[in-house]
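Protein chains in written order, with my numbering: chain A, 128 to 457; chain B, 74 to 349; chain C, -13 to 293.
By construction, the Cβ of each residue, glycine as well, lies at the ideal position given by its N, Cα and C atoms.
Just so we're clear, the structure is a prediction, and the values are computed from it rather than from any experiment.
Report on the structure given below.
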Amino acid sequence: MSEDVAPRIASRPTPALVPAEIEGASYGDRVYRWATTGFALVIPSLLLLIAWEVFRAGWPALKTFGLGFFTSSAWDPVNGNFGAAPAVFGTIVSSILALIIATPLAVGVAIFLSEFAPNWIRQPIAFFVDLLAAIPSVVYGLWGVLVLVPFIRAHVMPFVKDTLHLGDFPLFTGAAYGPSMFAAGCILAIMILPYISAVTREVLRAVPRSQREAALALGATRWEMIWDAVLPYARSGIVGGVILGLGRAIGETMAVTMVIGNRHELSASLFQPGYTMASLIANEFAEATNDLHISALMAVGAGLFLVTVIVNAIARWLVWRTARVGDGGT
Amino acid sequence: MRAETGVDAASVTEAPALDPPPPEVLAVDGLDAYFGAARVVREVSFAVKSGQVTAIIGPSGCGKSTLLRCLNRMHETVPGARVEGEVRFQGKDIYEAAVSAIGVRRHIGMVFQRPTPFPTMSIRDNVAAGLKVLPRSERPSRRDTDAVVERALRRAALWQEVHDRLGANATALSGGQQQRLCVARALATSPTVLLLDEPTASLDPISTQRIEELVYELRSEVTIIIVTHNMQQAARISDRTAFMLSGELVEYAPTNVLFTTPRDPRTDAYVTGRFG
Amino acid sequence: MTTQAFTTQRRAAWRSYRDQLAQSTARTLSRRRLVSQIMIASTFVAALVAVLPLTLIVWHLLQQGASSINRNFFLHMPRPTGETGGGMANAIVGTGVLVLIASTVGLPVGIFAGLYLAEQRSARLATGVRFLSDVLNGLPSIVLGIFAWGLLVRPFKHFSALAGGMALAAMMIPLVTRTTEEMIRLVPVSMREAALALGYTKWRTSLSIVLRTAMPGIVTGVLLAVARIAGETAPLIFTAFGNNFWSVSPFKPIAALPMQIYYYATAPYDDWHAQAWAGALVLLGLVLIISVAARFATRSRAGLGGD
């Protein structure tokens, strides 16, 4: 049986280079090429579409209020006067607060994991920290509003105001209900911790062993080796990771909107409620009545779009730069 | 050594269905191969007769693998690579514009240095992989495919070891078995020429010997061209040997002649081990 | 002074200097060592603090939510305000429907775009697309939500699962693209060459051989993307909007688990809070199981892959 099949294949006409086959082959290849290119182009098209839609819808508000839209504090849907300054201010303050809390922790964890942790403890802790990034935002928000905020109201705020007698200090004034910029900063810090930590770990791993050995050989203590030899090498990468965390903090919506109090307030006090650009949109969009209100919220969205794109681009450029220098191995 | 191909229609009294195949199954004429601007094969010309085993030897980087890959139009799959000159397969230049590279590769098969069984496929499907892309008129039916697979595995001296587990994943085989599987896969489409690019380089001595025996047994059915960095292997299994140096074909002669009384001093230096 | 006395004096002075130096070095050395130990300990403390949030969150979820997880939760629909009991059946199914809708667009675009990026490598267009994919990935999900609203809700004057699914698809695309590109790049060139040498066309090689080989890794990436979008709320609140009744139609508003949690958590009813905890437990459990399983699968593969 096997004999009569093989000759059929072997007896193909010689020269058996069938020109007709080209048509089939290159046709398929061309379709494939067009298909993959087409699908790939969906991405830039989508991005353009998003930018166009958001800016187009926000244009009426921007035209009406000009760039002062981002510096005015008025927010009066009834009379049609909108100013997003509290939201912008809140975004900046909550993000910076989150960075202040998260960065030392994240860098500390990363240093611990990459330099000092024995193998058996490294995997579990790294796993735990990385898993923080997988928790959905609304779960953070739920925990924030039902656990963290009551805790802050019952313990942290009285501690700071009464025990430490800082109640009159501008950062901590005002009635302390719980939902506050401080709560938002805390939640955001937990959420961005895994990103800063992951990038820092990567960057520390890229520092060549020779740097560490040279420092130790010169008589440095282990900490001095980290501080003087390893960290400076990794510095721009770590900064990149921090800015990446900043980018995420700026865009974070659900967790923030559930703990920040959602008030158009521009207050220096961390214990006061406030707004961020993202939480403003989330909170008011569904109930926005008139077109100008919607347009104002869209304009805030456009601002958010711009800011996150710029911040993420800077972050990636910094991390990419460290990777390149690391490979070059000065 | 140009072979006569076309027959003038006016002078034909009887029309043969096909031209008789010329004695040279593969004729290389003035072949240059480039990677970008770098020329790695220079003006190589030689011819291979049907039913012979031809070995190509030479030091690392001499261009022997590149030359081999030009013979089935694999060289051009590398971005920036280019070929000039002619390679005539049974009289027809495979680099002519009208000729499809796909068609060429179905008649000139190749086995690579490291075994590359397709990891998601079974042993049977691996061997039959080349059959799936044949034009519909030549594709065997399902039952016939099993027959073709068995024949290919027998010719590759692998049937005995795998006939009871054809459905097992191909990666379960040892290195030597995987390489024979690749040989079976290449043989399934009944190519006229089989190109072997250092097929035993990553194998243990026993598997190497198996493959060499295979080459010897297959020579009657398939013309074989084998690139090897192992001179002893070339001496063992080939009828003719080509020696390459820095992209040039230095000498091409019957194996025993090349190894005992080479004409070119460079060949002599190489085969006597003065450089490698 | 005689030469001998001078030499003795110089030697004594040197010894005294050397001893002083050793003493002060020992002091600073022990201080430096102390500093080093303190800093190392503080990194350990940082690690402990970093592990705390996850532990606390999981603990509270279990403590508050486990009691509300029963058959009712999975089978029943929300009850009107004030009534106890009821569940999140429609929300769980709704999340499934939204993920399905998102995948019909997100998967083909992501996989083919990933193929394109892996095969075109450093072509200028490919580099641009890769960069823009990262930009898209970094956009806040709320921006995607208002975009989908403007395009798919406002013109039609009603919320729909379709709009929500498209917003989620926009999140899914960069994730699947990146994973696909990475997995395709991992397939060795020799596999491609082996197929080409058998007479496979380029497109057949890419789809039947390369893509097929990379498929397990791509599936893992898709699962991770699904876990990510299943937990998203912001893109849904003005597109899918939520629905207290049973609905699986793409053209009507639809409930989703994260949205239901949000609405319940921000309401003043304790029973709803309990339901929110239960929902969050289910959601987190789902997301974590998928993420951990996917990560575990890739890790064991990377160990065996070798070659």
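For Q305 of chain B and L331 of chain B, what's the separation of their Cα atoms in angstroms? Cα-Cα distance, rounded: 12 Å.
Tell me the DSSP secondary structure of K137 of chain B in three-state form. Three-state result, K137 of chain B: helix.
Quick test of your reading: P236 of chain C and L148 of chain C, contact by CB under 8 Å. State the CB separation rounded to the nearest angstrom. Contact flag correct, Cβ pair sits at about 4 Å.
Starting from the beta carbon of P244 of chain C, find every residue of chain A whose beta carbon is closer than 9 Å, and list them in chain order. The answer, in chain order, is P263, S264, V265, V266, M381.
Pick helix, strand or coil for W232 of chain C, following the three-state DSSP scheme. Coil.
Expressed to the nearest angstrom, what Euclidean distance is found between the alpha-carbon atoms of A310 of chain A and K188 of chain C? Here the alpha carbon of A310 of chain A sits roughly 56 Å from the alpha carbon of K188 of chain C.
Have a look at the DSSP bridge pairing and note the partners of M183 of chain B. Answer is B:L268.
For A32 of chain C, the nearest candidate out of A:V256, A:V181, A:V283 (CA to CA): Nearest option by C-alpha distance: A:V256.
Please list the terminal residues of the continuous alpha helix (DSSP H) segment that includes S118 of chain B. Here S118 of chain B belongs to no alpha helix (DSSP H); instead the beta strand (DSSP E) covers 111 to 122.
Give the C-beta separation of R146 of chain B and I129 of chain B to the nearest angstrom, bearing in mind that I take them to be a contact with Cβ-Cβ under 8 Å. Actually they do not touch by this definition, with Cβ atoms about 17 Å apart.
Which runs of the alpha helix (DSSP H) fall wholly inside the segment 186 to 265 of chain A and span at least 4 residues, in chain order? Taking only runs of at least 4 residues, the alpha helix (DSSP H) segments lying wholly in the segment 186 to 265 of chain A are 212 to 238, 246 to 258.
Does the beta-carbon distance from V288 of chain B to I279 of chain B come in below 8 Å? Cβ distance not < 8 Å, so V288 of chain B and I279 of chain B don't count as in contact.
To the nearest angstrom, how far is the alpha carbon of H236 of chain B from that of N199 of chain B? Each residue's CA atom was taken as its position, placing H236 of chain B and N199 of chain B some 14 Å apart.
Where R280 of chain A falls: helix, strand or coil (DSSP): The DSSP-derived three-state label of R280 of chain A is helix.
So for P254 of chain C, helix, strand or coil by DSSP? It is coil, neither helix nor strand.
Opposite V85 of chain C in the DSSP bridges: which residues? When DSSP reads this structure, V85 of chain C sits in no beta bridge, so it has no partner.
Exposed unless 16 or more other CB atoms sit within 10 angstroms - verdict on S394 of chain A: Buried, since its Cβ has 16 or more Cβ neighbours within 10 Å.
Can you say whether I284 of chain B is buried or exposed, counting buried as having 16 or more other CB atoms within 10 angstroms of its CB? Counting the other Cβ atoms within 10 Å of the Cβ of I284 of chain B gives 16 or more, which makes it buried.
Please state the DSSP three-state secondary structure of G114 of chain C. Reduced to three states, the DSSP call for G114 of chain C is helix.
Across which residues does DSSP place S293 of chain B in a beta bridge pair? Note: S293 of chain B sits in no beta bridge, so no partner.
Cut-off 7 Å between Cβ atoms - residues of its own chain near G305 of chain A, not counting five sequence neighbours on either side: Within the same chain, G305 of chain A has close Cβ partners V276, P277, I279, R280.
Local conformation of A259 of chain B per DSSP, three classes: A259 of chain B falls in the helix class under three-state DSSP.
Have a look at G203 of chain C and A302 of chain A and give me their C-alpha separation to the nearest angstrom. The straight-line gap separating the alpha-carbon atoms of G203 of chain C and A302 of chain A is approximately 53 Å.
Any chain B beta carbon closer than 8 Å to G289 of chain C: Confidence in G289 of chain C is poor, its pLDDT being 38 and thus under 50, which makes the residue's placement too unreliable to answer from.
Does the beta-carbon of H148 of chain B have 16 or more other beta-carbons within 10 angstroms, so that it is buried, or is it exposed? Looking at its Cβ environment, which holds 16 or more other Cβ atoms inside 10 Å, H148 of chain B is buried.
Taking 8 Å as the threshold (C-beta atoms), are A229 of chain A and I323 of chain A in contact? Taking 8 Å as the cut-off, the beta carbon of I323 of chain A is found closer than this to the beta carbon of A229 of chain A.
In three-state terms, what does DSSP make of K143 of chain C? The DSSP-derived three-state label of K143 of chain C is coil.
Kindly indicate if chain C contains any beta-carbon less than 8 Å away from that of T333 of chain B. Residue contact check for T333 of chain B against chain C: no CB pair falls below 8 Å.
Straight-line CA distance for V273 of chain C to V181 of chain A? Those two C-alpha atoms are separated by around 30 Å.
Among the residues of its own chain, which have a CB less than 7 Å from the CB of G103 of chain B, if the five just before and after it don't count? The answer, listed in chain order, is E116, S118, G158, E159.
Boundaries of the alpha helix (DSSP H) in which I370 of chain A is found, first to last residue: That run of the alpha helix (DSSP H) goes 358 to 378.
In three-state terms, what does DSSP make of I149 of chain A? Caution applies to I149 of chain A, whose pLDDT of 42 falls short of 50 and renders its modelled position unreliable; the value that the coordinates give is listed next. Helix.
May I ask you to report which of helix, strand or coil DSSP gives G158 of chain B? Residue state, collapsed to three classes: strand.
Under the DSSP definition of a beta bridge, which residues are partnered with S195 of chain B? Per DSSP, the beta bridge partners of S195 of chain B are B:N242.
So which residues of chain C does N145 of chain B contact, with C-beta pairs closer than 8 Å? By Cβ distance, chain C contributes A183.
Close Cβ partners of G374 of chain A (< 7 Å) along its chain, the five nearest in sequence each way excluded: Setting aside the 5 residues that flank it on each side, G374 of chain A is surrounded in the same chain by T435, V438, N439, A442, each with a C-beta closer than 7 Å to its C-beta; the list follows chain order.
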